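Residue numbers (the working numbering): 130 to 240. Written below as structure tokens is the structure these notes are about.
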């Protein structure tokens, strides 16, 4: 009796295993992609904050020494890094990121 039941249920169990394994592999790939997007956004936000802070400090330091606000190479570089990292963080938080997040949510619901 047990062997007959095992014989009947084994192909079904094998299909379920294969389906679950492929679904888990897809979920892992999406989690990795979402984690990479989050890491890139955090890194660009940190770059943005550091460069803005450094640019403002350099401008205020120049203002305290000279009594005027003048842009030199360091402050221009810091503020340009700020602008570039701001654009990068906006680009990383694009529609593609949110679509991947929704796709991941749908995959997790299937589990």
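We put the beta carbon where it would ideally sit given N, CA and C, even for glycine. Quantities reported herein were computed from a predicted structural model and do not represent experimental measurements.
Report the rounded CA-to-CA distance for residue i versus residue j, giving the unit in angstroms.
{"i": "residue 237", "j": "residue 154", "result": "12 Å"}
{"i": "residue 218", "j": "residue 227", "result": "14 Å"}
{"i": "residue 141", "j": "residue 168", "result": "40 Å"}
{"i": "residue 162", "j": "residue 156", "result": "10 Å"}
{"i": "residue 198", "j": "residue 182", "result": "16 Å"}
{"i": "residue 207", "j": "residue 223", "result": "25 Å"}
{"i": "residue 147", "j": "residue 233", "result": "19 Å"}
{"i": "residue 149", "j": "residue 172", "result": "34 Å"}
{"i": "residue 143", "j": "residue 164", "result": "31 Å"}
By alpha-carbon positions, which one of the options ends up nearest to residue i?
{"i": "residue 239", "options": "166, 192, 180, 151", "result": "151"}
{"i": "residue 229", "options": "144, 211, 177, 166", "result": "166"}
{"i": "residue 225", "options": "149, 159, 144", "result": "159"}
{"i": "residue 209", "options": "194, 180, 175", "result": "180"}
{"i": "residue 174", "options": "212, 235, 234", "result": "212"}
I'd like to check one pair, residue j with residue i: are the Cβ atoms closer than 7 Å?
{"i": "residue 177", "j": "residue 215", "result": "yes"}
Verify the CB distance criterion: does residue i have a CB-CB separation below 7 Å to chain B?
{"i": "residue 232", "result": "Of the protein chains in this structure there is only one, and it is not chain B."}
Leaving out five residues before and five after residue i in sequence, what residues of the same chain have Cβ atoms less than 8 Å from its Cβ?
{"i": "residue 201", "result": "187, 191"}
{"i": "residue 195", "result": "none"}
Using a Cβ-Cβ cutoff of less than 7 Å, which residues in the same chain neighbour residue i once the five nearest sequence positions on both sides are dropped?
{"i": "residue 184", "result": "204, 207, 208, 211"}
With respect to 6 Å, is the separation between the Cβ of residue i and the closest non-hydrogen atom of the ligand NAD below this value?
{"i": "residue 190", "result": "The model depicted lacks the ligand NAD and carries no ligand whatsoever."}
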